[in-house]
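Asks: In the UniProt record's numbering, the protein residues as written are 1 to 288.
#1: From 233, 210 and 285, pick the residue whose C-alpha is nearest to that of residue 222; which is it?
#2: Suppose the cutoff is 6 Å on Cβ atoms and the five residues either side in sequence are ignored; what does the same chain contact list for residue 116 look like?
#3: Does residue 270 come out as helix, strand or coil in the three-state DSSP assignment?
#4: Taking 7 Å as the threshold (C-beta atoms), are residue 192 and residue 93 in contact?
#5: Can you give me the Cβ contacts of residue 154 inside the same chain, cut-off strictly under 6 Å, excluding the 5 residues immediately before and after it?
#6: How is the beta strand (DSSP E) around residue 208 delimited, first residue to last?
#7: Take residue 172 as the anchor and find which of 216, 21 and 118 has the nearest alpha-carbon.
#8: Mind checking whether residue 195 and residue 141 have CB atoms under 7 Å apart?
#9: If we ignore side chains and look at the alpha-carbon of each, how far apart do residue 50 and residue 22 end up?
#10: Going by beta-carbon coordinates alone, are residue 143 and residue 197 separated by less than 7 Å?
#11: Is residue 202 helix, strand or coil when you go by DSSP?
#12: How long is the line joining the alpha carbons of residue 230 and residue 137, rounded to whole angstroms?
#13: Take residue 64 and list the residues in its own chain whose beta-carbon comes closer than 8 Å to its own, dropping the five residues that flank it on each side.
#14: Going by beta-carbon coordinates alone, are residue 214 and residue 100 separated by less than 7 Å?
#15: For residue 165, collect the residues of the same chain with a Cβ closer than 7 Å to its Cβ; drop the 5 residues on either side in sequence, then sort them by chain order.
#16: Taking residue 170 as part of the beta strand (DSSP E), name the residues at either end of that continuous run.
#17: Hey, which unbroken runs of the beta strand (DSSP E) at 3 residues or more fall wholly within the segment 113–157?
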């Protein structure tokens with residue numbers, strides 16, 4: 001078989017997919033199941049061959065194992081988050097190290113605006129494990145999550161056919177499950193420290209993912225809209241408008257006191273936008 005350089009172990013596409021999968025491992029736990037190959041192909045917009053090559057490399061290194069009928073199981077995860085961005089560092093970063101630094105303090109404030117809480121759950125679970133293990137001295141965690149409403153279909157994800165609600169209904173079921181997981185995680189953490197969780201729904205489809213940590217650091221990234229066929233358990237595939245999000249890097253911004261720079265102004269505008277949507281559009285969904 002002749003393969004292009006982009007799909008080989010030295011190609012740019014291969015390295016990009018490998019990097020994203022390693023980021024995904026960083027927010028998982030041993031025993032977790034990764035998305036199947038067909039979803040990874042759609043998620044990263046690459047060939048199945050490239051995904052298989054990257055998975056084989058991670059298998060050879062002992063990070064994962066793949067068995068027919070059992071999926072791709074995580075065997076081990078990185079023991080350290082890697083080089084952490086400095087407080088003044090901006091640009092595209094892995095969220096894990098930013099969350100690790102944000103939780104390394106007595107009181108943690110976290111504001112979230114996103115389509116779902118899937119990625120957030122992984123980041124917070126890693127820090128919850130550190131708290132329970134006594135690795136960090138966090139005493140209080142306050143989380144506010146602003147998520148899209150569930151009463152009407154969103155702009156995405158949805159079927160291209162406006163009369164077909166199956167994709168939206170699956171998103172809604174998944175979103176509710178993820179919300180329950182986040183609530184359960186923080187409820188368990190509340191046995192060790194003080195925890196507050198508030199969730200509000202807004203009648204809008206998020207155009208970007210936003211994390212504001214301790215009112216001083218921000219992670220954000222636009223959702224990339226794609227058109228793809230989404231497979232269902234019964235074997236059918238539905239042409240849909242979906243987004244790329246899981247495993248993506250996010251942009252890192254910092255707010256510095258007394259700084260009138262463009263970056264600090266942008267930070268403030270994004271934070272103000274969250275507050276206005278939270279206060280004027282958000283409808284309470286759950287409080288813990």
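Glycine included, C-beta positions come from ideal geometry on N, C-alpha and C. Owing to the predicted nature of the structure, the values given are computational and were not obtained by experimental measurement.
Replies: Looking at the atomic coordinates:
#1: 210
#2: 175 and 178
#3: helix
#4: no
#5: Counting only Cβ-Cβ distances below 6 Å, and skipping sequence neighbours, we find 148 and 205.
#6: 208–213
#7: Nearest of 216, 21 and 118 to residue 172, Cα basis: 118.
#8: yes
#9: 15 Å
#10: For residue 143 and residue 197, yes; Cβs fall inside 7 Å.
#11: strand
#12: 43 Å
#13: 25, 34, 55, 58, 72, 73, 74 and 75
#14: no
#15: The residues are 153.
#16: First-last for residue 170: 166–189, but that is the alpha helix (DSSP H), not the beta strand (DSSP E).
#17: 140–148
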